[in-house]
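Inspection log for the structure reproduced underneath, given as structure tokens.
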Amino acid sequence: MGQDIRGKIAYITGGSSGIGKATARQFAKEGIHIGIIARNPDKLAKIKEALAGYDVNVVTCSADISKQEEVKTAVQTLEQQLGKADILINNAGISEYGNFQEMDEETWKHIFEVNVFGTYHMLKEVLPHLSGKQKGDIFNISSSNGLKATAGSTAYSASKFAVQGLSEALMQEVRTDNIRVFTMNPSLVATELVFGDELEEQNEEKYMQPEDIAEYIAAQLKLNQRIFIKQSAQWATNPF
Ligand SMILES: NC(=O)c1ccc[n+]([C@@H]2O[C@H](COP(=O)([O-])OP(=O)(O)OC[C@H]3O[C@@H](n4cnc5c(N)ncnc54)[C@H](OP(=O)(O)O)[C@@H]3O)[C@@H](O)[C@H]2O)c1
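No gaps in the numbering here: position 129 of the sequence shown is 129 in the working numbering, and each next residue is one more.
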């Protein structure tokens, strides 16, 4: 038998767009209280409004996860207004593609600062919540690029391979505290990250939708405490 997830508290980074937003909506439907961290206050206000009809507490906080002090303050705010986390969804991330020699150092480093150090900062602040409860769930959203790199993605792929390694090692460390670390590796999902402003033009029959990933996250959470999916890859059935 699985477990009841209603009433749990989840912190989601990047919960104002794409996969994070769909996950926030899915969690609201499932009765999970939600704390969202992202940068743009307008987008945060919109998701808060969209979730107002659900019987859950929703707290949003504007912070740049690449900055440790901002993450510290944001997590303190979520803790005060929502309670300590049971679930952490390390989802916020950026991608930029380009030939290795052509991508400037600043851009290359920034991708690491958000995707890798952002995840690190969140884990540093939130892991004590889970350790204190001797139970909890962490989802790190890596990418298919974190398993198999592609030309033009040296920074993004390297950052997602780093998330993979961080997750694998952390998983071994914290499972003895009953903390489950799930690493997910989606292939192309129809979000702003991929389609930018042309999101409307994407083909819903062909491409995975953020809601698909959100449903899978919720399904994994409901697994009996004795089991977790340490690593999974999400592929579109027929994107050709
Ligand atoms: N879409 C795909 O095909 C795909 C495939 C594999 C993996 N992924 C991964 O899935 C995750 C979510 O991607 P998505 O496609 O849903 O992207 P998205 O629609 O662009 O959403 C990204 C979210 O992250 C937030 N964010 C970005 N930089 C941030 C920062 N420095 N600090 C705090 N929040 C930040 C954004 O809000 P603000 O801009 O307001 O901060 C937004 O809420 C990423 O880690 C991505 O690498 C995506």
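Beta carbons are placed, not taken as given, at the ideal position from N, Cα and C, and that holds for glycine.
Whether residue i touches residue j by CB criterion (8 Å)
| i | j | result |
| --- | --- | --- |
| I32 | A52 | no |
| L88 | I141 | no |
| Q231 | T191 | no |
| V189 | I227 | no |
| N224 | G2 | yes |
| K160 | S187 | no |
| L170 | V181 | yes |
| A38 | L44 | yes |
| T119 | L166 | yes |
DSSP bridge partner residues for residue i (one or two, in chain order)
| i | result |
| --- | --- |
| T60 | I36 |
| M208 | V189 |
| L88 | Y11 and I138 |
| I179 | G136 |
| A233 | N185 |
Whole-number beta carbon distance between residue j and residue i, since they are thought to touch under 8 Å
| i | j | result |
| --- | --- | --- |
| E113 | S66 | 4 Å |
| I47 | A24 | 6 Å |
| L123 | N185 | Not confirmed; about 18 Å, so no contact. |
| A133 | D86 | Per the sequence presented here, residue 133 reads as Lys, with Ala not at that position. With 8 Å as the limit, K133 and D86 qualify as a contact, their Cβ atoms being about 7 Å apart. |
| V71 | H121 | 4 Å |
Problem - the region 150-159 in contact with the region 183-200 per 3-pair CB rule at 8 Å - result: no
Exercise for the section: Spell out a yes or no on whether the region 76-91 and the region 57-64 are touching, meaning 3 or more CB-CB pairs, one atom from each, closer than 8 Å. Expected result: yes
Practice task
Answer yes if the region 13-22 comes into contact with the region 89-99, meaning at least three C-beta pairs across the two stretches below 8 Å, and no otherwise.
Solution key: yes
Problem - Cβ contact (3+ pairs, closer than 8 Å) linking the region 160-179 and the region 200-213 - result: no
Exercise for the section: Kindly confirm or deny that the region 231-238 and the region 207-217 touch, where touching means at least three C-beta pairs closer than 8 Å. Expected result: yes
Exercise for the section: Pair every Cβ in the region 209-225 with every Cβ in the region 119-133, then say whether three or more of these pairs are closer than 8 Å. Expected result: no
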